[in-house]
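Residue numbers for the sequence shown follow this note's numbering, so the first one is 1 and each next one is one higher. Glycine residues also receive a C-beta, built at the ideal position from the N, C-alpha and C atoms. Notes follow the structure.
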Amino acid sequence: MNEYIFYTGEGYCESPNENKVENFQVLGFEKAQSKEEALSKLLENNSWIKENTYNVDEIIGCQVIR
1 MNEYIFYTGE GYCESPNENK VENFQVLGFE KAQSKEEALS KLLENNSWIK
51 ENTYNVDEII GCQVIR
């Protein structure tokens, strides 16, 4: 089984001094046989992704190699 990391360029984070920082947001990790299966699991296990209107088509997934 492969592990995948999923991230997006949508959104921003807040620095410790409360400044807005535009960067990539890590959405999570999932293990599956394929990237597509892992993305499905990510969305199923993390309803907040769609609830916060992240565009699923903009989510980037990469296999984690250790």
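Terminal residues of the beta strand (DSSP E) in which residue i lies
i	result
residue 37	From DSSP, residue 37 is part of no beta strand (DSSP E) but of the alpha helix (DSSP H) over 35–45.
residue 30	25–32
Exposed unless 16 or more other CB atoms sit within 10 angstroms - verdict on residue i
i	result
residue 6	buried
residue 30	buried
residue 12	exposed
Of the residues the options, the one placed nearest residue i, counting alpha carbons only
i	options	result
residue 59	65, 66 and 49	49
residue 9	19, 20, 24 and 2	24
residue 52	15, 27, 22 and 33	27
residue 64	40, 21, 33 and 15	33
Endpoints, the alpha helix (DSSP H) within which residue i is located
i	result
residue 59	Premise fails: residue 59 is in no alpha helix (DSSP H) and is neither H nor E.
residue 49	48–51
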